[in-house]
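In the working numbering, the protein residues as written are 21 to 369.
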Ligand code: CP3
């Protein structure tokens, strides 16, 4: 049987309930993750398949979501291109891009030789999931060129991401060349992840929402379209997450993604109206709401589902990554509330 998440992506109306997973579901809110991180630093976990698999599995065992997302970071390919990335715990670039010459110096890494820890971890994860059930999807991921460029041109700590557009004005050709290079690396990296065993990929344009529609159409959308086209041609679906994207939704329909992952700023019925029925939707509980009482989390999650008109073409998730101090049992409550199905099993809460 095809994993539930794939059937939802195909917009199939025949699914009995929406699939659910949580962005950043492996991470510091889990005690097991913190224990493993005491022994190994973050980049070592990302680059050691056995450790990445162990951490990817932690939320699968605890939350039993419908998808696993391979443990890594969007900045891993940037590091392979020649940017020295540290996590403190937020990302810091030791040698940010300052000029056209710095863009020229970036390397196009061989995925097979330099990023094979990710593909190895994915094929190991495939085995782990298949041993559990035939219904769990495995997701690969990468950062979108615009978001990666924003990180690579600034040392950090990061706040408003205005420097991406500043760099684009000062170094027009270099920005185009940077986005081109990233498009090529990200396309190859995503396809390699699918070939290693991922069922679908998520492209994170976390800082796309800082752009106006016009600038988005100039600096992000064309590159995302190329990536979606490349991955689609290889036969795999793409979920596109764009943070703060309410104003961009009509534009994002043109991205070529199979699914748009949206934040909480618009309720799902409005999102559906804007994007239409031809594209799947993922989202959109505010991660801060996972700090509420269990009954509130349950009710909010049920209310979120009840906004939807559709019965296929939807994946339940948060509107952004889970926060590091979230009580784990509250994350579990969210997953459980979705897995009850379209109609709640018990309406007396
Ligand atoms: O979702 C998962 O479980 C897979 C793992 C994953 C991580 N980062 C692990 C991580 C994924 C999918 C990402 C993507 C990522 N990384 C994004 C896009 C998603 C988003 O949140 O918008 C971005 C923007 C990054 C860059 C990044 N990496 C930031 C901003 C930070 C610091 C965040 C923080 O919470 O402090 C990281 C570090 C990072 N990536 C951690 C984890 C678990 C924390 C590292 C630690 O263990 O100390």
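We treat Cβ as the ideally placed atom computed from N, Cα and C, and that holds for glycine.
Separation of residue j from residue i, as counted between CA atoms
i: residue 257; j: residue 157; result: 12 Å
i: residue 29; j: residue 280; result: 10 Å
i: residue 31; j: residue 104; result: 41 Å
i: residue 39; j: residue 27; result: 9 Å
i: residue 262; j: residue 283; result: 8 Å
i: residue 170; j: residue 201; result: 14 Å
i: residue 226; j: residue 111; result: 14 Å
i: residue 360; j: residue 107; result: 38 Å
i: residue 259; j: residue 303; result: 11 Å
i: residue 367; j: residue 264; result: Because residue 367 carries a pLDDT of 48, less than 50, the predicted location of this residue cannot be relied on, and the following value inherits that uncertainty. In a straight line, the C-alpha of residue 367 is about 33 Å away from that of residue 264.
i: residue 54; j: residue 66; result: 14 Å
i: residue 241; j: residue 285; result: 21 Å
i: residue 235; j: residue 267; result: 12 Å
i: residue 81; j: residue 238; result: 42 Å
i: residue 321; j: residue 345; result: 20 Å
i: residue 315; j: residue 339; result: 20 Å
i: residue 129; j: residue 96; result: 11 Å
i: residue 153; j: residue 60; result: 30 Å
Residue of the options minimising C-alpha distance to residue i
i: residue 57; options: 40, 41, 78, 38; result: 78
i: residue 37; options: 330, 348, 353, 339; result: 330
i: residue 48; options: 347, 303, 354, 118; result: 347
i: residue 208; options: 179, 168, 99, 162; result: 162
i: residue 296; options: 246, 271, 285, 225; result: 271
i: residue 248; options: 227, 81, 221; result: 221
i: residue 176; options: 99, 115, 42, 215; result: 115
i: residue 136; options: 211, 188, 118, 203; result: 211
i: residue 255; options: 350, 278, 154; result: 278
i: residue 215; options: 99, 160, 291, 59; result: 160
i: residue 246; options: 307, 64, 223; result: 223
i: residue 188; options: 179, 173, 178; result: 173
i: residue 83; options: 233, 41, 181, 153; result: 41
i: residue 203; options: 307, 118, 356, 127; result: 127
i: residue 150; options: 86, 253, 101, 363; result: 86
Cβ neighbours of residue i in the same chain (closer than 6 Å, five flanking residues each side left out)
i: residue 244; result: 164, 275
i: residue 333; result: 31, 300
i: residue 197; result: 123
i: residue 250; result: 207
i: residue 327; result: 287, 288, 289
i: residue 155; result: 23, 24
Under the three-state DSSP convention, the category residue i falls into
i: residue 45; result: coil
i: residue 354; result: helix
i: residue 96; result: helix
i: residue 61; result: coil
i: residue 311; result: helix
i: residue 223; result: strand
i: residue 89; result: strand
i: residue 282; result: coil
i: residue 369; result: Its pLDDT being 41, under 50, residue 369 is placed unreliably by the model, and the measurement read from it follows with that caveat. It is coil, neither helix nor strand.
i: residue 111; result: strand
i: residue 289; result: helix
i: residue 212; result: helix
i: residue 261; result: strand
i: residue 152; result: helix
i: residue 158; result: strand
i: residue 76; result: helix
i: residue 146; result: helix
i: residue 256; result: coil
i: residue 218; result: coil
i: residue 35; result: coil
i: residue 130; result: coil
Sequence-distant residues of its chain with Cβ nearer than 7 Å to residue i (five each side left out)
i: residue 44; result: 341, 342
i: residue 148; result: 73, 77
i: residue 120; result: 191, 193, 194
i: residue 146; result: 158, 217
i: residue 141; result: 69, 72, 73, 90
i: residue 144; result: 69, 73
i: residue 305; result: 284, 320, 321, 324, 338, 339, 354
i: residue 412; result: Limits of the chain in this structure are 21 at one end and 369 at the other, which puts residue 412 out of reach.
One or two residues paired with residue i in a DSSP bridge
i: residue 337; result: 304
i: residue 105; result: 113
i: residue 163; result: 224
i: residue 40; result: 336
Beta-carbon proximity list for residue i, same chain, < 8 Å, skipping 5 on both sides
i: residue 199; result: 165, 166, 169, 239, 243
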